[in-house]
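Asks:
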């Protein structure tokens, strides 16, 4: 018993002696080998701060975060996927941050804004582009050097490629819990539609533009492989699919993992309208500061340090899919050398993120359900979106009741 | 004097089992009891407010939740289809393996059936989702057998076939475990009983029905119970392969409660769901126990 007491006392004393230093806990999803050098650099610049890094896994990291918030035992600085920020912010779990002049120097602020306030810093960002199989283009009598630019060109190419038969599909439509709407929404956005009205009080999914986009994609389904993200990508790498939409970083991994695949890449397609833009899905990893932190000032210093280009390169130099949100990356030598950087930078100008609404998890579920109904041919686009509209409106009303000002 | 020794014994025993007891109370019993309380509250874990008591509202809401009804239907269908099949298959294969039939390489079969059990379910589910993809072998087989699949779609993308497809995979992946259990049960039956019955003229299936089945019934009960519990809790397969889709065709109770608790942050509602599932499993287990006892 006395021994135990001594041990406890020793631990207590150590804890007290460390108290002199500010200790920040930082949770992220990347290997320590990548992140540690960045953290060491930060600690060198700020000798009074000690940062403890903990790595979360992609499979259950999110559950761990939720549990930590429930227990009130949160880290001081935390990495979150961009779609989660709004819910955490609305629940008052995050600290408001002050980006100041960073606003003009970084991309992708939309996901961290909630009710006009900023709740995080964009760290690394990504978007999707069109990949196409040049060999299949040749076989189908299309020019392999001219990828489709508009909806009608895409549909035409898909038709011709799927006519090759033999288990070959023209286009690949990805489906799944978060995949179905992520694949579809860019078509709607490019057509000028959006899921919610500007003030987020009502759904706008049955607008003519939205329905038109859905009509177009449901036409595409006749020439497309429809499956999970993984399977569609696999089939593209095996040369079974003519065109797919995928993360920009695939430029590199396709070359490595499918050396025989003769593929090209291009900007996303746009509607056949004057002045239309090919707007794609933009995602980000975001650095946030949980509200419980004891050192808000130091935590914000660390967060700002992490999102700087030089720190973000710790991830980006290994996974070029993820580009630093820091705009100075344009001048970066490493990225200038990356294949397709030009296309990536161009596509990054035309990105959108889903509305950072706290009830987005529920809203996307409704979207996924009715988009699937249309793909399956059990509902017409208009009918499905009318139903989706009323269901989303219900969710929005419920939210106003629960959280209203 | 005697009482003193007894008290001492009890203290000693408590100390000896304390590693298990403490971890059981902290990591199992406390969460179980706490979630009873949670199921009567409205609780958003990240909102930083304590759970708010709402009485029976969660349970009331469950009764009119169409998604929960679908999830329950899918789960029960899954149990009703897979449990009899895996149990029968396992008993059949175990009887063949233990019988005097001269099968070459019996050992290979024995360990072969067990292989999927020691393989991670995530790995199995990923492999099967390839086999079920539009270009996959099993999709080709299904098309050959006359399944009507839409252009460009695999088995898992079709709301009619997705759940049966997961059942097929689960049967393949899990019957080996029960085979091993039955093997143990069958091997413990005394050979003399069979010999005596043979002298009396019992043969073939009659022998199986009158001797083997009654003697293996304790193991049968055990297999039925754990098989049913495990099947009611099906989650990983759905999580990896379909995420409850398409159109909720593969949403099971555990998957739905995970989604509700950890994605929609309705922990109280999710806890209520878990208790409904608990009661269902409990009643099934009791019913099975009574049934087997009655037959004996």
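Residue numbers (the working numbering), protein chains in the order written: chain F, -17 to 387; chain R, 123 to 418.
C-beta: ideal position from N, C-alpha, C; glycine also.
1. Cβ atoms of residue 204/R and residue 405/R: under 8 Å apart, would you say?
2. Measure the CB-CB distance between residue 112/F and residue 195/F and report whether it falls below 8 Å.
3. Does DSSP put residue 94/F in a helix, in a strand, or in coil?
4. Is residue 147/R near residue 247/R, with beta carbons less than 8 Å apart?
5. Name the residue from 116/F, 136/F, 137/F whose alpha carbon lies nearest to the alpha carbon of residue 127/F.
6. So what does DSSP say about residue 306/F, is it helix, strand or coil?
7. How would you label residue 225/F, buried or exposed, when you count the other beta carbons within 10 angstroms and need 16 or more for buried?
8. At a Cβ threshold of 8 Å, is residue 103/R touching chain F?
9. Taking the continuous beta strand (DSSP E) assigned at residue 104/F, which residues delimit it?
10. By Cβ distance, which residues of its chain are closer than 6 Å to residue 381/F, with the 5 residues on each side in sequence left out?
11. Going straight from the alpha carbon of residue 17/F to that of residue 60/F, what length do you get?
12. Compute the minimum distance between the beta carbon of residue 347/F and the heavy atoms of the ligand NAP, and state whether it is under 7 Å.
13. What is the DSSP secondary structure of residue 322/R, counted as helix, strand or coil?
14. Can you grab the Cα-Cα spacing for the pair residue 121/F / residue 110/F, in whole Å?
15. DSSP puts residue 391/F in a beta bridge; with which residues?
16. So that I know if they touch, is there some Cβ in chain R lying closer than 8 Å to that of residue 151/F?
17. In chain R, which residues lie less than 7 Å from residue 207/F when you measure between Cβ atoms?
18. Can you pull the chain F neighbours of residue 367/R, defined as C-beta to C-beta under 9 Å?
19. Does the separation of the CB atoms of residue 219/F and residue 185/F fall below 8 Å?
20. Using the beta-carbon of each residue, which ones in chain F are nearer than 8 Å to residue 384/R?
21. With DSSP as the reference, label residue 178/F as helix, strand or coil.
22. By how many angstroms is the C-alpha of residue 9/F removed from the C-alpha of residue 331/F?
23. Mapping the DSSP letters down to three states, classify residue 242/R as helix, strand or coil.
24. Quick check on residue 48/F: buried or exposed, where buried means 16 or more other Cβ atoms within 10 Å of its Cβ?
25. Give, in chain order, every unbroken run of the beta strand (DSSP E) that is at least 3 residues long and sits entirely within the region 330 to 371 of chain R.
26. Quick check on DSSP: helix, strand or coil for residue 293/R?
27. Counting along the chain, where does the beta strand (DSSP E) carrying residue 263/F start and finish?
28. Against chain C, with Cβ distances strictly below 8 Å, would residue 67/F count as a contact?
29. Anything in the region 146 to 172 of chain R with a Cβ closer than 7 Å to a Cβ of chain F? List those residues in chain order, please.
30. Can you check whether the CB of residue 359/R is closer than 8 Å to the CB of residue 292/R?
31. Determine the direct distance from the alpha carbon of residue 349/R to that of residue 131/R, and round the result to whole angstroms.
32. If contact means a Cβ-Cβ distance below 9 Å, which residues of the region 279 to 292 of chain R contact chain F?
33. As a quick exercise: from 391/R, 307/R, 412/R, 403/R, pick the residue whose alpha carbon is nearest that of residue 159/R.
34. Along the chain, where does the beta strand (DSSP E) containing residue 226/F start, and where does it finish?
35. Based on Cα-Cα distance, which residue from 190/R, 265/R, 333/R, 344/R lies nearest to residue 304/R?
36. Would DSSP call residue 98/R helix, strand or coil?
Replies: Well, looking at it:
1. Counting from 1 along the second chain, the entry for residue 405/R is found at position 283. Counting from 1 along the second chain, the entry for residue 204/R is found at position 82. In this structure, residue 204/R does not lie closer than 8 Å to residue 405/R by Cβ.
2. Indexing the first chain from 1 puts residue 112/F at position 130. Indexing the first chain from 1 puts residue 195/F at position 213. No Cβ-Cβ contact shorter than 8 Å links residue 112/F with residue 195/F.
3. In the first chain, counting from the first residue as 1, residue 94/F sits at position 112. Three-state result, residue 94/F: helix.
4. Taking the second chain and counting its residues from 1, one reaches residue 147/R at position 25. Taking the second chain and counting its residues from 1, one reaches residue 247/R at position 125. Not closer than 8 Å, so no.
5. Translated into the one-based positions of the first chain, residue 127/F becomes position 145. The option with the nearest alpha carbon to residue 127/F is 116/F.
6. What you label residue 306/F is simply residue 324 of the first chain in a count that begins at 1. Reduced to three states, the DSSP call for residue 306/F is strand.
7. Position 243 of the first chain, counting from 1, holds the residue named residue 225/F. By the neighbour-count rule (16 or more Cβ atoms within 10 Å), residue 225/F is buried.
8. The structure shown does not extend to residue 103/R, since chain R spans only 123 to 418, so no value can be given for it.
9. One-based indexing of the first chain puts residue 104/F at position 122. Residue 104/F -> beta strand (DSSP E) spans 103 to 115.
10. If you number the first chain from 1, residue 381/F lands on position 399. Closer than 6 Å at the Cβ level, and outside the excluded window around residue 381/F, lie 341.
11. On the first chain, residue 17/F is found 35 positions in, with the first residue counted as 1. On the first chain, residue 60/F is found 78 positions in, with the first residue counted as 1. Approximately 13 Å between the Cα atoms of the pair.
12. In terms of ligand content, the structure shown is empty, and the ligand NAP therefore cannot be addressed.
13. Within the second chain, numbered from 1, the residue matching residue 322/R stands at position 200. Of the three classes helix, strand and coil, the one that applies to residue 322/R here is coil, per DSSP.
14. By one-based count along the first chain, residue 121/F stands at place 139. By one-based count along the first chain, residue 110/F stands at place 128. One C-alpha to the other measures close to 26 Å.
15. There is simply no residue 391/F to check, as chain F begins at -17 and stops at 387 in what is shown.
16. Against the first chain, residue 151/F aligns to sequence position 169. True, the Cβ-Cβ gap to chain R drops below 8 Å.
17. Residue mapping note: residue 207/F aligns to position 225 of the first chain, counting from 1. Within chain R, the residues near residue 207/F are 256, 274.
18. As a working mapping, residue 367/R is identified with position 245 in the second chain. The contacting residues are 157, 158, 159, 162, 350, 351, 354.
19. Looking up residue 219/F in the first chain gives position 237. Looking up residue 185/F in the first chain gives position 203. Not a contact, by the Cβ cut-off of 8 Å.
20. Stepping through the second chain from its first residue, residue 384/R is reached at position 262. Within chain F, the residues near residue 384/R are 44, 45, 48.
21. The residue you call residue 178/F lines up with position 196 of the first chain. Strand at residue 178/F.
22. Working through the first chain from its first residue, we reach residue 331/F at position 349. Working through the first chain from its first residue, we reach residue 9/F at position 27. The alpha-carbon atoms of residue 331/F and residue 9/F are separated by roughly 30 Å.
23. Here residue 242/R corresponds to residue number 120 of the second chain, with the count starting at 1. Here residue 242/R sits in coil by DSSP.
24. Locating residue 48/F in the first chain gives position 66, counting from the first residue. Under this definition residue 48/F is a buried residue.
25. The region 330 to 371 of chain R contains no whole beta strand (DSSP E) run of 3 or more residues.
26. In the second chain, residue 293/R corresponds to position 171, counting from 1. Of the three classes helix, strand and coil, the one that applies to residue 293/R here is helix, per DSSP.
27. In the first chain, the residue the question calls residue 263/F occupies position 281. That run of the beta strand (DSSP E) goes 262 to 270.
28. The structure shown contains no chain C; its protein chains are F and R.
29. 166, 167, 168, 169, 170
30. Start at 1 with the first residue of the second chain, and residue 292/R comes out as number 170. Start at 1 with the first residue of the second chain, and residue 359/R comes out as number 237. Contact flag set, yes.
31. In the second chain, the residue the question calls residue 131/R occupies position 9. In the second chain, the residue the question calls residue 349/R occupies position 227. Each residue's alpha carbon lies about 38 Å from the other.
32. 279, 280, 281
33. As a first step, residue 159/R is located in the second chain; it is residue number 37 there, counting from the start. Of the residues 391/R, 307/R, 412/R, 403/R, the one whose Cα lies closest to the Cα of residue 159/R is 391/R.
34. Position 244 of the first chain, counted from the start, is the residue given in the question as residue 226/F. Unbroken beta strand (DSSP E) run through residue 226/F: 223 to 229.
35. For this step, residue 304/R is matched to residue 182 along the second chain. For residue 304/R, the closest alpha carbon among the candidates 190/R, 265/R, 333/R, 344/R is that of 344/R.
36. No answer is possible for residue 98/R: it lies beyond the span of chain R, which begins at 123 and ends at 418.
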